[in-house]
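Student: Numbering (the working numbering), first residue to last: 1 to 298. Don't be surprised by glycine CBs; every beta carbon is placed ideally from N, CA and C. Treat the numbers as computed from the prediction; the structure is a model and nothing was measured.
(1) Thinking residue 49 and residue 123 are a contact (beta carbons under 8 Å), I'd like their distance in whole angstroms, please.
(2) The beta strand (DSSP E) spanning residue 215 covers which residue range?
(3) Suppose you measure from the CA of residue 274 to the CA of residue 81; what does that come to, to the nearest Å?
(4) For residue 232, which option in 196, 221, 191 and 66 has the closest C-alpha, if you only look at C-alpha atoms?
(5) Relative to the alpha-carbon of residue 101, which residue among 224, 158, 143 and 166 has its alpha-carbon at the smallest distance?
(6) CA-CA distance, residue 77 and residue 141?
(7) Shortest alpha-carbon distance to residue 88 belongs to which of 63, 115 and 136?
(8) Does DSSP put residue 50 in a helix, in a strand, or in coil?
(9) Within this structure, are the beta carbons of residue 202 and residue 174 separated by less than 8 Å?
(10) Let me make sure I understand the geometry here. Which of 215, 200 and 172 has the alpha-carbon closest to that of residue 40?
(11) Thinking C-alpha only, which one of 118, 218, 154 and 43 is nearest residue 84?
(12) I need the DSSP call for residue 107, collapsed to helix, strand or coil.
(13) Can you name the start and end residues of the beta strand (DSSP E) that residue 198 belongs to?
(14) Got a sec, what are the start and stop residues for the beta strand (DSSP E) residue 165 sits in?
(15) Is the beta carbon of residue 166 less than 8 Å from the beta carbon of residue 211?
(16) Can you check which of these residues, 227, 178, 93 and 214, is closest to residue 59 by C-alpha distance?
(17) Skipping 5 residues on each side, what residues in its chain have a beta carbon closer than 8 Å to that of residue 69?
(18) Among the residues of its own chain, which have a CB less than 8 Å from the CB of residue 42, if the five just before and after it don't count?
(19) Which residues in the same chain as residue 177 place their Cβ atom closer than 6 Å to its Cβ, once the five residues preceding and following it in sequence are excluded?
(20) Name, in chain order, the residues that DSSP records as bridge partners for residue 137.
(21) Classify residue 227 as buried or exposed, calling it buried when 16 or more other Cβ atoms lie within 10 Å of its own Cβ.
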């Protein structure tokens with residue numbers, strides 16, 4: 001009998017253990033995560049909806065004649081061996097204040113102005129991109145009516161399709177940007193007759209009208225001393241009349257668009273001539289013409 005009792009006790013003991021209540025340990029408090037850094041998008045302060053890539057596609061498809069104009073312009077750049085340095089569609093961006101002026105967000109410049117952009121693109125290719133990396137144009141050609149509305153000088157290099165306002169695609173501080181581009185401009189800018197201007201944030205201006213340099217921010221003059229000739233004073237560094245900060249097209253803190261000096265003779269080759277510098281091998285594709293306009297994504 002005693003043996004049966006012991007056997008029964010041995011069988012019942014594990015069952016009792018299985019029904020015992022197990023008190024869970026307190027859950028660990030969640031570790032606070034640091035907020036993710038905002039993505040680098042230096043063009044955002046200047047590019048409103050309609051002047052972005054979806055806006056370009058809509059503009060391109062809105063009028064049948066634009067396909068031929070864009071192709072002819074891109075073919076000209078390819079013939080001058082400056083296609084593909086930046087996307088061709090970005091070279092068609094007009095002024096930041098295009099919407100407030102009732103203008104188009106993109107425009108193919110007149111063919112008479114095309115030679116002026118060639119030397120500017122050479123400088124961007126040879127001196128700017130090797131120094132700070134790839135760039136994105138945010139404002140290039142302005143027709144005379146838009147130039148006047150935007151507050152540009154009568155002889156603005158933008159009106160002549162010689163100027164490119166751009167931002168760097170690689171993260172960089174304003175101080176490093178100014179110092180780096182200024183040093184390169186001092187050493188290499190004169191053979192290109194390159195003009196260089198800096199504005200708020202990391203937006204800067206390059207043209208090929210005359211070797212000069214200006215800066216609207218007194219705090220950085222020590223980093224990049226200006227080079228301004230007497231004939232430039234009336235047209236270099238004047239602020240542009242823009243809509244009030246915080247409007248749909250001009251965010252708070254957005255800078256003025258650069259204004260440039262009277263032009264020097266243009267040395268860019270005419271169509272079909274053989275340029276002397278070697279460009280990238282490929283040119284940007286143009287969007288295929290569709291039968292229906294795409295809708296904007298934002």
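Tutor: In short:
(1) In the chain shown, counting from the first residue as 1, residue 49 sits at position 49. In the chain shown, counting from the first residue as 1, residue 123 sits at position 123. Wrong, their Cβ atoms sit about 31 Å apart, outside the cutoff.
(2) Working through the chain shown from its first residue, we reach residue 215 at position 215. Residues 212 to 215.
(3) Here residue 274 refers to the residue found at position 274 of the chain shown. Here residue 81 refers to the residue found at position 81 of the chain shown. In this predicted model, residue 274 has a pLDDT of only 36, less than 50, meaning its place in the structure is not dependable; the value taken from the coordinates is given anyway. So the two alpha carbons sit approximately 8 Å from each other.
(4) Taking the first residue of the chain shown as position 1, residue 232 is located at position 232. The residue with the shortest Cα to Cα distance from residue 232 is 196.
(5) Numbered from 1 along the chain shown, position 101 holds the residue referred to as residue 101. Comparing Cα-Cα distances from residue 101 to each of 224, 158, 143 and 166, the minimum goes to 143.
(6) Sequence index remark: in the chain shown, residue 77 carries index 77 (1-based). Sequence index remark: in the chain shown, residue 141 carries index 141 (1-based). Whole-angstrom Cα-Cα distance: 15 Å.
(7) Here residue 88 is taken as the residue at index 88 of the chain shown, counted from 1. For the residues 63, 115 and 136, the minimum Cα distance to residue 88 belongs to 136.
(8) For this step, residue 50 is matched to residue 50 along the chain shown. Coil at residue 50, not helix or strand.
(9) Here residue 202 is taken as the residue at index 202 of the chain shown, counted from 1. Here residue 174 is taken as the residue at index 174 of the chain shown, counted from 1. Yes.
(10) Translated into positions along the chain shown, residue 40 becomes position 40. Residue 172 is the option with its Cα nearest to residue 40.
(11) Taking the chain shown and counting its residues from 1, the one referred to as residue 84 is at position 84. It is 118 whose Cα lies nearest to the Cα of residue 84.
(12) Locating residue 107 in the chain shown gives position 107, counting from the first residue. Coil, per DSSP.
(13) As a first step, residue 198 must be located in the chain shown, where it is residue number 198. Its beta strand (DSSP E) spans residues 195 to 198.
(14) Start at 1 with the first residue of the chain shown, and residue 165 comes out as number 165. First-last of the beta strand (DSSP E) with residue 165: 164 to 168.
(15) By 1-based counting over the chain shown, the position of residue 166 is 166. By 1-based counting over the chain shown, the position of residue 211 is 211. No, the pair does not count as a contact, with Cβ atoms beyond the cut-off.
(16) Walking along the chain shown from the start, residue 59 turns up at place 59. When only C-alpha atoms are compared, the closest one is 93.
(17) If you number the chain shown from 1, residue 69 lands on position 69. Result list for residue 69: 108, in chain order.
(18) Translated into the one-based positions of the chain shown, residue 42 becomes position 42. These residues qualify, in order along the chain: 136, 167, 168, 169, 201, 202 and 203.
(19) On the chain shown, residue 177 is found 177 positions in, with the first residue counted as 1. Here the set comprises 202.
(20) Taking the first residue of the chain shown as 1, we reach residue 137 at position 137. DSSP lists 166 as partners of residue 137.
(21) Here the question's residue 227 lines up with position 227 in the chain shown. By the 10 Å Cβ count, residue 227 comes out buried.
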